[in-house]
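Numbering (our numbering), first residue to last: 8 to 116.
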């Protein structure tokens, strides 16, 4: 867990997260839409910092990178939580998981 960037305290004491256009407002102990940024003690923390839910080398063709270095590999990694809510998401079980529910590994930056 690491103190997050891009937030401010509002007059009523809630935290306003300014990382994405959702501008989540969180009272003490509440998490934002992404489930990965949480108000703890009046400070905003990034719960998933340094915790990956997956590392893999994938063929570049698997990614939405049209005709970019065909035949090469690309490092794919991710964390729990997402600020989007796409119903067609291929990673829904990870992207909308709370960190406690996702299997993650520590990977120090």
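Using N, Cα and C, we set each Cβ at its ideal position, and we do this for glycine too. These numbers come from a predicted model, not from an experiment.
For the alpha helix (DSSP H) containing residue i, name the first residue and the last one.
| i | result |
| --- | --- |
| residue 101 | 99-102 |
The beta strand (DSSP E) spanning residue i covers which residue range?
| i | result |
| --- | --- |
| residue 66 | 61-66 |
| residue 81 | 80-85 |
| residue 24 | 22-24 |
| residue 50 | 50-53 |
| residue 69 | No beta strand (DSSP E) holds residue 69; DSSP gives it neither H nor E. |
Work out the CA separation of residue j and residue i for me, nearest whole Å.
| i | j | result |
| --- | --- | --- |
| residue 59 | residue 46 | 21 Å |
| residue 11 | residue 72 | 30 Å |
| residue 33 | residue 51 | 9 Å |
| residue 44 | residue 54 | 6 Å |
Leaving out five residues before and five after residue i in sequence, what residues of the same chain have Cβ atoms less than 6 Å from its Cβ?
| i | result |
| --- | --- |
| residue 56 | 9 |
| residue 26 | 13 |
Can you list, in chain order, the residues of its chain whose CB lies under 7 Å from that of residue i, leaving out five sequence neighbours each side?
| i | result |
| --- | --- |
| residue 89 | 41, 102 and 103 |
Segment contact, 8 Å Cβ cut-off, at least three pairs: the segment 16-24 with the segment 60-73: Segments in contact, no.
Segment contact, 8 Å Cβ cut-off, at least three pairs: the segment 68-80 with the segment 31-41: Contact between the segment 68-80 and the segment 31-41 is absent, because fewer than three Cβ pairs lie under 8 Å.
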